[in-house]
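Participant: Got a structure here, written out as structure tokens. Questions coming.
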Amino acid sequence: GAVVSQHPSWVICKSGTSVKIECRSLDFQATTMFWYRQFPKQSLMLMATSNEGSKATYEQGVEKDKFLINHASLTLSTLTVTSAHPEDSSFYICSAWIGYNNQPQHFGDGTRLSIL
Amino acid sequence: SQQGEEDPQALSIQEGENATMNCSYKTSINNLQWYRQNSGRGLVHLILIRSNEREKHSGRLRVTLDTSKKSSSLLITASRAADTASYFCATSPKAAGNKLTFGGGTRVLVKP
Numbered sequence: 012g013a014v015v016s017q018h019p020s021w022v023i024c025k026s027g028t029s030v031k032i033e034c035r036s037l038d039f040q041a042t043t044m045f046w047y048r049q050f051p052k053q054s055l056m057l058m059a060t061s062n063e064g065s066k067a068t069y070e071q072g073v074e075k076d077k078f079l080i081n082h083a084s085l086t087l088s089t090l091t092v093t094s095a096h097p098e099d100s101s102f103y104i105c106s107a108w109i110g111y112n113n114q115p116q117h118f119g120d121g122t123r124l125s126i127l
Numbered sequence: 033s034q035q036g037e038e039d040p041q042a043l044s045i046q047e048g049e050n051a052t053m054n055c056s057y058k059t060s061i062n063n064l065q066w067y068r069q070n071s072g073r074g075l076v077h078l079i080l081i082r083s084n085e086r087e088k089h090s091g092r093l094r095v096t097l098d099t100s101k102k103s104s105s106l107l108i109t110a111s112r113a114a115d116t117a118s119y120f121c122a123t124s125p126k127a128a129g130n131k132l133t134f135g136g137g138t139r140v141l142v143k144p
């Protein structure tokens, strides 16, 4: 149980393109979804917290107009990297949380984004 | 800034040996979680230990938590080549709602 699907797993696109990444909880309803960014050989850095039906909460230093988050249902959140540039190249990982205290987050397999 | 700091940063052991890694954190927590990440993949949840627990086991994994020292350890016994991965501790700080703050991770290499 507790499967989170993230698509696409790998994207290469030209500078200036917008890229949408989907995160789905397949077998449970996620009260909250989280978006992380990870640079090579580094830890995960939280970008934003997304609750179904409300605006995402962004961490300090994360541009909300650059990284658009939509959480339309209890099983789907999307991250859109708008007008992507090479410095946006990274590994993006989502997680989903069922909403009960002392329950873990469940992670997708990540999306490798490469902007040329 | 990262809440957790892990040591060692990297660990290389022979198959069959035990691997121990440590995590320290700074603020009061609801729980502490350990995750594994294989190269280029997402994170897999291993164990969650609550702030009122001191030790927890799952298969070959043993986690301890010392809230007075704000530290935790993860022990992998009888390691296998398939245990090769990065291991991260993550804390759920009391003041941060349900967010997790990750440590820097320990890269474990188990040589066959």
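Going line by line, the protein sequences match chains Y and G.
Using the numbering used here, read the first sequence as starting at 12 and increasing by one per residue.
Using the numbering used here, read the second sequence as starting at 33 and increasing by one per residue.
Built from N, CA and C at the ideal position, the CB exists for glycine as well.
1. So which of LEU90/Y, TYR111/Y, GLY119/Y and GLU33/Y has the shortest CA-CA distance to ALA67/Y?
2. Write down every uninterrupted run of the beta strand (DSSP E) in the segment 68-131 of chain G whose length is 3 residues or greater and which is fully enclosed by it, in chain order.
3. Tell me which same chain residues have a C-beta within less than 7 Å of the C-beta of GLY48/G, skipping the five on either side of it?
4. Can you name the start and end residues of the beta strand (DSSP E) that ILE109/Y belongs to?
5. Please go through the same chain and pick out, in chain order, the residues whose beta-carbon is closer than 8 Å to the beta-carbon of LYS77/Y, but skip the five residues on each side of it.
6. Quick one: residues in its chain with C-beta nearer than 6 Å to the C-beta of ILE109/Y, no 5 flanking neighbours on either side, listed in chain order?
7. Can the beta-carbon of THR123/G be found closer than 8 Å to that of LEU64/G?
8. What residue range does the beta strand (DSSP E) around HIS96/Y cover?
9. What residue from THR28/Y, SER16/Y and ASN112/Y has the CA that sits closest to SER125/Y's CA?
10. Using beta carbons (cut-off 8 Å, strictly below), is THR89/Y in contact with chain G?
11. Taking only beta-carbon atoms, is ILE104/Y less than 8 Å away from chain G?
12. To the nearest angstrom, how far is it from the Cα of ARG35/Y to the Cα of LEU132/G?
13. Which of the residues in the segment 77-88 of chain G, read from start to end, lie with their CB under 7 Å from any CB of chain Y?
14. Terminal residues of the continuous beta strand (DSSP E) containing ALA51/G?
15. Count the other CB atoms within 10 Å of the CB of VAL142/G; is the residue buried (16 or more) or exposed (fewer)?
16. Along the chain, where does the beta strand (DSSP E) that runs through THR122/Y open and close?
17. Please state whether the Cβ-Cβ distance between GLY119/Y and VAL30/Y is less than 8 Å.
18. Could one say the Cβ of GLY121/Y lies closer than 8 Å to chain G's Cβ atoms, at least one of them?
19. Which partner residues of PHE134/G appear in the DSSP bridge assignment?
Facilitator: If we stick to the structure as given:
1. Position 56 of the first sequence holds residue 67/Y. Of the listed residues, the one whose Cα sits closest to ALA67/Y is LEU90/Y.
2. Annotation: the segment 68-131 of chain G contains the following complete segments of the beta strand (DSSP E) (minimum length 3 residues), in chain order: 75-82, 87-90, 93-98, 103-108 and 117-125.
3. To locate residue 48/G, count along the second sequence from 1; it is residue 16. ALA110 and SER111, listed in sequence order.
4. Your numbering for residue 109/Y matches position 98 in the first sequence. Per DSSP, ILE109/Y belongs to no beta strand (DSSP E) and is neither H nor E.
5. Locating residue 77/Y in the first sequence gives position 66, where the first residue counts as 1. Counting only Cβ-Cβ distances below 8 Å, and skipping sequence neighbours, we find VAL92, THR93, SER94 and ASP99.
6. On the first sequence, position 98 is the one that residue 109/Y refers to. Listed in chain order, the non-local C-beta contacts of ILE109/Y below 6 Å within the same chain comprise PHE39, local neighbours out to five positions each way being set aside.
7. For the purposes of this step, residue 123/G is taken as the residue at position 91 of the second sequence. For the purposes of this step, residue 64/G is taken as the residue at position 32 of the second sequence. Judged by beta-carbon spacing, LEU64/G lies within the 8 Å limit of THR123/G, meaning their Cβ atoms are closer than that value.
8. In the first sequence, residue 96/Y corresponds to position 85, counting from 1. HIS96/Y -> no beta strand (DSSP E), and no H or E assigned at all.
9. For this step, residue 125/Y is matched to residue 114 along the first sequence. Among THR28/Y, SER16/Y and ASN112/Y, the Cα nearest to that of SER125/Y belongs to THR28/Y.
10. Taking the first sequence and counting its residues from 1, the one referred to as residue 89/Y is at position 78. So no, THR89/Y is outside the interface.
11. Position 93 of the first sequence, counted from the first residue, corresponds to residue 104/Y. ILE104/Y counts as touching chain G.
12. If you number the first sequence from 1, residue 35/Y lands on position 24. If you number the second sequence from 1, residue 132/G lands on position 100. If you take the alpha carbons of ARG35/Y and LEU132/G, they lie about 19 Å apart.
13. For the segment 77-88 of chain G, the residues whose beta carbon sits under 7 Å from a beta carbon of chain Y are, in order, HIS77, LEU80 and ARG82.
14. Indexing the second sequence from 1 puts residue 51/G at position 19. That run of the beta strand (DSSP E) goes 51-56.
15. Position 110 of the second sequence holds residue 142/G. By the neighbour-count criterion, in which 16 or more other beta carbons inside 10 Å mark a residue as buried, VAL142/G falls on the buried side.
16. For the purposes of this step, residue 122/Y is taken as residue 111 along the first sequence, with counting starting at 1. In the DSSP annotation of this structure, the continuous segment of the beta strand (DSSP E) that includes THR122/Y starts and ends at 122-126.
17. If you number the first sequence from 1, residue 119/Y lands on position 108. If you number the first sequence from 1, residue 30/Y lands on position 19. Between GLY119/Y and VAL30/Y, the CB-CB gap reaches or exceeds 8 Å.
18. Along the first sequence, one-based indexing puts residue 121/Y at 110. So yes, GLY121/Y belongs to the interface.
19. Here residue 134/G is taken as the residue at index 102 of the second sequence, counted from 1. The partner list for PHE134/G (beta bridge, DSSP) reads ALA122/G.
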